[in-house]
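I have placed the structure first, in the form of structure tokens, so that the comments after it can refer back to it.
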Amino acid sequence: MYPTEKEIHSGLLTLYKKEFQYRKNMQILNLVRISDGWENDVYSFTVEYEEATEQNREDLILRIYPGDDAVEKSAKEFNAMKQLHEIGYPVPRVYVLEQDVSYFGKPFVVMEKINGRLMGDIIVESPKEKQQELLTLFCKMFVDLHNLDWRPFVPDQSLYTK
89 MYPTEKEIHS
99 GLLTLYKKEF
109 QYRKNMQILN
119 LVRISDGWEN
129 DVYSFTVEYE
139 EATEQNREDL
149 ILRIYPGDDA
159 VEKSAKEFNA
169 MKQLHEIGYP
179 VPRVYVLEQD
189 VSYFGKPFVV
199 MEKINGRLMG
209 DIIVESPKEK
219 QQELLTLFCK
229 MFVDLHNLDW
239 RPFVPDQSLY
249 TK
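So the sequence shown is numbered by the working numbering: it starts at 89 and just counts up by one.
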């Protein structure tokens, strides 16, 4: 069973007040479920707060992980995205990995929201010459990703080496 929007809102506010106690006048706004299903449940939301007399606003994504392997999967995805971001690969910055299921009944990750359109939509709507350019860029990024040294991403390398 999915948490209700009210439960998600309340859980996020509780989490943010606990994790970021130095932020004042915290509010969770614009909570929208943007996908659900087999892999995970995804919500977008905005957090507004005051810090050192400045008003701040962050657009974020909440990914809730279902299943028996949710603890392991959420940790792997969080750590991989964190390391990819640190080396400059174009992935969202991750902020929170929470494996305490008391918030939503499942582990979750909070990350930066990157606004934009789906690549597939952009490619389909582009002129033929631009489509080729975009596909080439995508393939280059895919090759770059697969050429990365995998060892920093795997805590127990003995599982993958002989």
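Ideal Cβ positions, reconstructed from N, Cα and C, are used throughout, including at glycine.
Quantities reported herein were computed from a predicted structural model and do not represent experimental measurements.
Between the segment 127-139 and the segment 148-159, can you find at least three pairs of beta-carbon atoms closer than 8 Å?
yes
Taking the alpha carbon of residue 187 as the point to measure from, which residue in 202, 170 and 163 has its own alpha carbon closest?
163
Assigned secondary structure, residue 151 (DSSP; H/G/I helix, E/B strand, else coil)
strand
Leaving out five residues on either side along the sequence, give the residues of the same chain with a beta carbon under 8 Å from the beta carbon of residue 240.
171
Kindly indicate which residue of 211, 185, 142 and 144 has the alpha-carbon position closest to the one of residue 160.
185
According to the Cβ coordinates, are residue 128 and residue 96 closer than 8 Å?
no
Around the C-beta of residue 225, are 16 or more other C-beta atoms found within 10 angstroms, so that it is buried, or is it exposed?
exposed
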